[in-house]
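In this note's numbering, the protein residues as written are 306 to 502.
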């Protein structure tokens with residue numbers, strides 16, 4: 306397909322996609338027994354239907370955990386650069402926090418319009434976003450200009466900051482998918498209230 310004909314997703318659609326994926330990951334981590342870790346959550350593994358409702362796909366690397374919060378070890382590292390949690394590459398230990406990291410990268414893609422490996426001098430999007438957050442005035446500049454307007458900039462910035470929280474280099478400092486979903490649902494309600502005014 307010619308890239309000139311790909312429709313631009315507006316903010317409400319991007320936010321709905323984020324909520325849909327968060328709901329799927331929340332179910333995998335908190336609704337399944339034993340919990341399931343996807344291990345390769347990335348943009349190309351999110352399928353959209355004709356109404357842009359998102360579904361998590363490609364469970365080829367997924368693993369069941371013995372218990373939520375406890376790490377399992379795998380024999381080989383598998384995943385996609387730019388989305389892969391940094392601790393996974395050197396420890397080969399998997400837990401639900403690596404999916405949180407992957408999802409954080411997706412949030413950063415949705416809010417900035419950049420790709421996971423597009424971090425310029427910082428190497429990847431997560432590191433670039435962290436540096437933008439350190440300079441408060443750079444957060445607004447980091448957001449995708451094609452979707453940003455006065456009615457939604459607050460919610461987009463909040464989701465950007467959530468993406469940075471999810472990609473924290475310390476797994477213990479990352480939120481759970483339950484926390485992530487609650488924040489996204491709050492943003493969605495706020496965005497709905499803004500459009501009704």
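Backbone N, C-alpha and C fix where the C-beta goes; we use that ideal spot for every residue, glycine too.
Owing to the predicted nature of the structure, the values given are computational and were not obtained by experimental measurement.
Beta-carbon proximity check, residue i vs residue j, cutoff 8 Å
i	j	result
residue 336	residue 360	no
residue 521	residue 421	Here the chain comprises residues numbered 306 to 502, so residue 521 is not present and cannot be evaluated.
residue 482	residue 410	no
residue 386	residue 346	no
residue 367	residue 486	no
residue 370	residue 342	yes
residue 313	residue 451	yes
residue 435	residue 425	no
residue 344	residue 399	yes
residue 392	residue 476	yes
residue 471	residue 415	no
Integer Cβ distance of residue i from residue j, believed to fall under 8 Å
i	j	result
residue 394	residue 402	Wrong, their Cβ atoms sit about 14 Å apart, outside the cutoff.
residue 449	residue 417	6 Å
residue 357	residue 322	7 Å
Contact test: residue i Cβ vs the ligand GTP heavy atom, cutoff 7 Å
i	result
residue 330	The ligand GTP is absent from the structure shown, which contains no ligand whatsoever.
Range of the contiguous alpha helix (DSSP H) that encloses residue i
i	result
residue 413	401–417
residue 320	316–331
residue 442	441–447
Cβ-based neighbour list, residue i, same chain, cut-off 6 Å, excluding 5 preceding and 5 following
i	result
residue 460	492, 495, 496
residue 469	434, 435, 438
Closer than 8 Å to chain D by CB, residue i
i	result
residue 344	You won't find chain D in this structure, because it holds only one protein chain.
Residue range of the beta strand (DSSP E) that includes residue i
i	result
residue 361	359–361
residue 353	351–353
Close Cβ partners of residue i (< 7 Å) along its chain, the five nearest in sequence each way excluded
i	result
residue 488	467
residue 350	361, 362, 363
residue 443	437
residue 453	461
residue 348	411, 414
residue 473	479
Which of helix, strand or coil DSSP assigns to residue i
i	result
residue 368	strand
residue 342	strand
residue 398	strand
residue 287	Lying before the first or after the last residue shown, residue 287 is absent from the chain, which here runs from 306 to 502.
residue 466	helix
residue 348	helix
residue 461	helix
residue 493	helix
residue 389	coil
residue 420	coil
residue 454	coil
residue 498	helix
residue 426	helix
residue 438	helix
residue 336	helix
residue 475	coil
residue 313	coil
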